[in-house]
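Data first, discussion second: the structure below is written as C-alpha cells.
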Amino acid sequence: MNTLSLRRMFKLFIGKLLELCPNINKSLIERFFFYYNQKSHQANDYVSVHFRPVKHENIYSGYKNCSTKSAILVQGPVDNVDFLLNTLELYKKQFNSARIVLSTWSDTDKKIISKIEEIGIDVVLSDKPDNPGLLNVNYQLVSTKAGLRFISDREVEYTLKTRTDCRIHSSITLDLCEELLRIYKPVDKKQTSRIVLINFNTTKYRPFSFSDIFQYSKTSELNKYWSCPEDNRNNDLNEIKKKNIYNFKFAAENYITESYFGRYYIKNIGEDDSVSLSVSLTHIRDRFIVIDKEMIDHYWNKYNAYEYNVSESPMYSKDRTVEKISFSEWLIMQSRALPRLDNQYLYVERK
Numbered sequence: 025m026n027t028l029s030l031r032r033m034f035k036l037f038i039g040k041l042l043e044l045c046p047n048i049n050k051s052l053i054e055r056f057f058f059y060y061n062q063k064s065h066q067a068n069d070y071v072s073v074h075f076r077p078v079k080h081e082n083i084y085s086g087y088k089n090c091s092t093k094s095a096i097l098v099q100g101p102v103d104n105v106d107f108l109l110n111t112l113e114l115y116k117k118q119f120n121s122a123r124i125v126l127s128t129w130s131d132t133d134k135k136i137i138s139k140i141e142e143i144g145i146d147v148v149l150s151d152k153p154d155n156p157g158l159l160n161v162n163y164q165l166v167s168t169k170a171g172l173r174f175i176s177d178r179e180v181e182y183t184l185k186t187r188t189d190c191r192i193h194s195s196i197t198l199d200l201c202e203e204l205l206r207i208y209k210p211v212d213k214k215q216t217s218r219i220v221l222i223n224f225n226t227t228k229y230r231p232f233s234f235s236d237i238f239q240y241s242k243t244s245e246l247n248k249y250w251s252c253p254e255d256n257r258n259n260d261l262n263e264i265k266k267k268n269i270y271n272f273k274f275a276a277e278n279y280i281t282e283s284y285f286g287r288y289y290i291k292n293i294g295e296d297d298s299v300s301l302s303v304s305l306t307h308i309r310d311r312f313i314v315i316d317k318e319m320i321d322h323y324w325n326k327y328n329a330y331e332y333n334v335s336e337s338p339m340y341s342k343d344r345t346v347e348k349i350s351f352s353e354w355l356i357m358q359s360r361a362l363p364r365l366d367n368q369y370l371y372v373e374r375k
C-alpha cells in the first residue's frame, strides 16, 4: 500500500473516531499526533492537525470587515442544517455590511427556511430542474443563476459565490478580494473584472478547471460566467467511462465537471477555448486571480476527512496529475513566462 493510501486511511480513521466520540478531548488528539511525529522516521510522514470550531459563537476575529459593496451568495441544498445555520450566523457576524443570500430549492422544509430568514438572510427558492445534467451541473447552474438575478436586481456591485457545504472563516475575505480586483485589472474589455478563485480544484493539468466552489467578482461578470446553457445529458458518468478512456483531456473536450462552466465562460467572452494546457494556463493568468484556500480559511464539509489530500497531495509526490495552482505561482506568472507543463498528465486515465 502506498503512502497516499495509508494517509487517506489514517485520516478517515480519525474522522470516524471523532464522529463516534464527538466529545473526545482535543489535547488527547494533539498528544497522539505529537507522539506520531516524534516517531515519524518510522512512518515516513509528518502530520499536522487543524481544529475549527463547529459553533459560530466560538469563532472570534480581531479584524473589522470594511466592504460595503458585496453580497455573499450561498448556493445549494439544505442538507446539513446545523452546519449551514452556523455558517450563516458566522457570515452575519463577520460580514455585517454585506447582503447575504441563500439560493436553494422550493421543496426545502419551510420551518428551516423561516429559521434562516430570522437570522436576516435573504432566501431565493427555485424548482429543481427535471434533468440534473451530468454530475448534477444543472442543480448548481439553476440555483446560482437565481441567486445572481436576485443580487443583480438589488444592484449590488460585487458578489462572493460559495456553497451550502462550505464555510469561510476569515473575516478579511471580502476586503482581500476587493483589494485584489483593484490591483489586478482586466487585461481587456472582454471582462468588467477578473474573477477571484481559490486553488481548491483550480488545476494545472485539467484544462478549464476553474474552481466554482468559491468565486468573487463584479456581479455582472459572474452573471456571464454562469450564463451557460443547461446540460441535456443524463447524470451517469460511469456510462461515459465504460465507453471511453476518461482522462483530463477527454473531460475538458466534453465539458465535464468544472470544465463545463469554465470552458463555456471562456467561449462566451470570445476567447480561445481550444483544449490545451497552455491555453488554459494563459486564461488562469490573465482572466482570474487565484488565492490559496488557507488565505481565507476555507473549509469544504463534503470532503473534510480528505481536506489536504484532495488539495495538496501532489506537493511532495512525483505524480503531479491533480496539482493545483497556488497564489504564489499565479503571482509569479504575472511577470514571467508561463511554466512548462508536462502533457503526459492530460492522458492519465481517471477511474
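Sequential numbering of the sequence shown, starting at 25, is according to this note's numbering.
Don't be surprised by glycine CBs; every beta carbon is placed ideally from N, CA and C.
All values reported here derive from a predicted model rather than from experimental measurement.
Bounds of the alpha helix (DSSP H) holding H307 are 301-311.
Looking at G286, N68, D297, Y270, the one whose alpha-carbon comes closest to that of W250 is G286. According to the DSSP secondary-structure assignment, D146 is paired through a beta bridge with V125. If you ignore the 5 residues before and after V102, its C-beta comes within less than 7 Å of the C-beta of L108, T128, T132, I136, T188, all in its own chain and listed in chain order. L200 and H307 have their C-alpha atoms roughly 22 Å apart. Distances from the CA of T168 to each of K93, F238, S359, E113 were compared; the closest alpha carbon is that of F238. For W250, there is no enclosing alpha helix (DSSP H), as DSSP marks it with neither H nor E. DSSP places Q215 in no beta strand (DSSP E); its state is neither H nor E.
Between the C-alpha atoms of D321 and T226 there is a straight-line separation of about 16 Å. Contact annotation: L301 and L370 have beta-carbon atoms nearer than 8 Å. By the neighbour-count definition (other C-beta atoms within 10 Å, threshold 16), Q358 is an exposed residue. Under the 10 Å beta carbon count, S130 is surrounded by fewer than 16 other beta carbons and is classified as exposed. The C-beta of I280 has 16 or more other C-beta atoms within 10 Å across all chains shown, which makes the residue buried. Between the beta-carbon of R257 and that of L355 there is about 37 Å, and that puts the pair past the 8 Å contact cut. For W324, same chain residues with a beta-carbon under 6 Å away, outside a window of 5 residues either side, are C190 in chain order. The beta-bridge partner set that DSSP reports for Q99 consists of S127, R187. Rounded to the nearest whole angstrom, the CA to CA distance from E373 to Y270 is 6 Å. When C-beta atoms of the stretch 119-126 are compared with those of the stretch 85-103, three or more pairs fall below 8 Å, so the two segments count as touching. Looking at K266, C252, P210, L114, the one whose alpha-carbon comes closest to that of Y284 is C252. Take T186, set aside five residues on each side of it, and the residues of its chain with a beta-carbon closer than 6 Å to its own are V98, F238, in chain order. About 11 Å separates the CB atoms of V78 and N104; that is not less than 8 Å, and the two are not in contact. In the displayed model, I136 falls within a helix according to three-state DSSP. Residue state for Y84 is assigned as coil, using DSSP reduced to three classes. DSSP places Q358 outside both helix and strand once states are collapsed to three, so it counts as coil. Nearest Cα to S217 within the set R230, Q118, P231, L246: L246. With a threshold of 16 other beta carbon atoms within 10 Å, Y115 meets it and is buried.
For S176, the enclosing alpha helix (DSSP H) stretches over residues 161-177. Separation of the CB atoms of D310 and F351 is rounded to 16 Å, and the pair is thereby denied contact status at 8 Å. Taking C-beta atoms under 8 Å as the contact rule, D255 and V161 qualify, at a distance of about 5 Å. Contact check for T345 and Y229: beta-carbon distance about 6 Å, within the 8 Å limit, so the pair qualifies. By the Cβ-count criterion, I143 is exposed, with fewer than 16 other Cβ atoms from all chains shown falling within 10 Å of its own Cβ.
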